[in-house]
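Everything on this sheet refers to the single structure shown next.
There are 2 protein chains.
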Amino acid sequence: MTYCVGLLLDAGLVLLSDTRTNAGVDNISTYRKMFTFVDPGERAIVILTAGSLSVTQTTLARMDDANSDPDKRSIMNAGTMLEVAEIVGETLSEVSAQVADRMGAKAQSARASMIVAGQRRGGAARMFLIYPEGNFIEATEDTPYLQIGEHKYGKPILDRVVTPETTIEDAKKAVLLSMDSTLRSNLSVGMPLDMCIIKTDTQDIGERRRISAEDETFQAMSVAWSQALRDAFAEIEI
Amino acid sequence: MTYCVGLLLDAGLVLLSDTRTNAGVDNISTYRKMFTFVDPGERAIVILTAGSLSVTQTTLARMDDANSDPDKRSIMNAGTMLEVAEIVGETLSEVSAQVADRMGAKAQSARASMIVAGQRRGGAARMFLIYPEGNFIEATEDTPYLQIGEHKYGKPILDRVVTPETTIEDAKKAVLLSMDSTLRSNLSVGMPLDMCIIKTDTQDIGERRRISAEDETFQAMSVAWSQALRDAFAEIEI
């Protein structure tokens, strides 16, 4: 399992992913699930992945191949973010179908989904959730966040505090607390975390941070949040 | 879907259930999912149900039948709470198997699970989660709560505040806030709610309350909790 979340705000895009991959609870590993594609000032794209590692790695490898050949249609030369989402969707659905073909009855496990977020110069910042079949939905003002993987534990905090007007600083807090709730409740989501920020109209990664299990700031935030929840609980009257 | 939760505390048993039943999102109804079996001072048992309504209703009807015949083995004459759990498990698994037989390929939807909680005079208060196959697990000091149905949204608050030493008043708050988070995030869980309390060594239902959508106390608590979370969020530093 996995937990990845992206926010589409007036101030920019805020993305966070965990790194745990597992084939059964007795076989866990760390794999990056956040991938950045940047031509500074021109375009910045972040892809977050969830699901079958063989599917997501192959999908990314094919897109990388296309990126290195300027004659091919690729996410680095697509004219719009919508076209970027279409390319990711097509590649993901092709790879899923090929892997599923070979897996027969186990085809169900050859599934993966992705969040694609970014901005190119002259266009708006946009964020999409790409389903295993290649179709997708887009974040909007009403629902300015998208999640993939184990989304339930971390959803209540997002529903309560995130709006398009949320600042980048508050957004970082919101995704980290959303991740913190998920880490506590689901073993298949694990540290370290990857976070990155694309501020609006910069077309560049403004901040990129790997947060390890030993990260003192994150630990302090986690403890403070637990305490704040207990304090809030103590004050509620029924 | 459904959300039911039970707490096994030193002070007693606290149980809460929603009432929404649905066959598709376009066909929703209200059905009680909390059933009480009381012989005041002698034994008090509460059963919470989740899953196929045809399975849970038939299971309860058969147990009721047995209760009305003193010669039959029933939850009202079982010698221990463990035996009560066994009777519920056997009845549930029989009914599930019969319904599943008739449903063929759709047998997967003939599933239900239950929480059984109670105390008989001379025994300890105990609480069990009965799986569709009739096997069960029991709440312990380490994990003094059990949930059935849509358990994820409401779990973080329980993990943070509930221990065996929790008071009945705090426990009521905890299960109501746990339900509040679930109601906000999952349409298939709905008001009104049923709550009941069995205080330790009373062998009786000490408090029973139906909480409607218009209940002002619940609404005020829900608003206050949202505000408390937002305030706590504002104070956290990263």
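Line by line, the protein sequences give chains A and B.
Residue 9 is where the first sequence starts when you use our numbering, and the numbers rise one by one after that.
Residue 9 is where the second sequence starts when you use our numbering, and the numbers rise one by one after that.
Where a beta carbon is used, it is the ideal one built from N, C-alpha and C, also for glycine.
Keep in mind the model is a prediction, meaning the values are calculated, not measured.
About 11 Å separates the CB atoms of L21 (chain A) and Y153 (chain A); that is not less than 8 Å, and the two are not in contact. Residues of the region 202-216 of chain B whose Cβ lies closer than 8 Å to any Cβ of chain A: none. For S186 (chain B), there are no C-beta contacts with chain A under 9 Å, since the nearest C-beta of that chain is about 11 Å from it. Taking a C-beta distance under 8 Å as the contact criterion, M187 (chain A) and Y39 (chain A) do not qualify as a contact pair. CA-CA distance, S117 (chain B) to K80 (chain A), rounds to 48 Å. Look at the region 165-189 of chain A: the residues with a C-beta under 9 Å from a C-beta of chain B are I165, D167, R168, V169, E177, D178, K180, K181, A182, L184, L185, S189. In this structure, DSSP gives L185 (chain A) a helical state, which the three-state scheme calls helix.
Contact annotation: I205 (chain B) and A52 (chain B) have beta-carbon atoms that are not nearer than 8 Å. In the pairwise beta carbon analysis, the region 213-227 of chain A is classified as touching the region 188-203 of chain A: at least three pairs are separated by under 8 Å. Here D47 (chain A) carries a strand assignment [DSSP, helix/strand/coil]. Secondary structure of L21 (chain A) (DSSP, three-state): strand. Listed along the chain, the chain A residues whose CB falls inside 9 Å of the CB of F241 (chain B) are I165, R168, V169, D178, K181, A182, L185, W233, A236.
Residue environment for I156 (chain B): buried (at least 16 other C-beta atoms within 10 angstroms of its C-beta). Under the 8 Å Cβ criterion, the region 88-95 of chain A counts as touching the region 132-152 of chain A, having at least three qualifying pairs. Within the model, the alpha-carbon separation for F43 (chain A) versus E224 (chain A) is close to 25 Å. Following the DSSP letters along the chain, one finds G157 (chain A) in no alpha helix (DSSP H) but inside the beta strand (DSSP E) bounded by residues 153-157. At a cut-off of 8 Å between C-beta atoms, R28 (chain A) does not count as an interface residue with respect to chain B.
It is roughly 52 Å from the alpha-carbon of M89 (chain B) to the alpha-carbon of A105 (chain A). In the DSSP annotation of this structure, the continuous segment of the beta strand (DSSP E) that includes A125 (chain B) starts and ends at 120-128. Within the DSSP secondary-structure output, N85 (chain B) pairs in no beta bridge. A distance below 8 Å separates the beta carbons of S234 (chain B) and R168 (chain A). By the C-beta density criterion, E158 (chain B) is buried, having at least 16 other C-beta atoms within 10 angstroms. With a threshold of 8 Å between beta carbons, T10 (chain B) makes no contact with chain A. DSSP places T225 (chain A) in the helix class (H, G or I) of the three-state scheme.
The beta carbon of Y139 (chain B) does not come within 8 Å of any beta carbon belonging to chain A, so the residue lies off that interface. Contact annotation: M84 (chain B) and D109 (chain B) have beta-carbon atoms that are not nearer than 8 Å. Secondary structure of M199 (chain B) (DSSP, three-state): coil. Boundaries of the beta strand (DSSP E) harbouring T38 (chain B): 36-38, taken from the DSSP string.
The beta-bridge partner set that DSSP reports for L16 (chain A) consists of A:L21.
Between I55 (chain A) and M122 (chain A), the CB-CB gap stays under 8 Å. Take the alpha-carbon of T151 (chain B) and the one of T67 (chain A): they are about 42 Å apart. Between the beta-carbon of R128 (chain A) and that of Q211 (chain A) there is about 7 Å, and that keeps the pair under the 8 Å contact cut. Counting the other Cβ atoms within 10 Å of the Cβ of N194 (chain A) gives 16 or more, which makes it buried.
For S220 (chain A), not one C-beta of chain B is nearer than 8 Å to its own C-beta. Under the three-state reduction of DSSP, G32 (chain A) is assigned to coil, being neither helix nor strand. CA-to-CA, the gap between V103 (chain B) and S60 (chain B) works out to about 11 Å.
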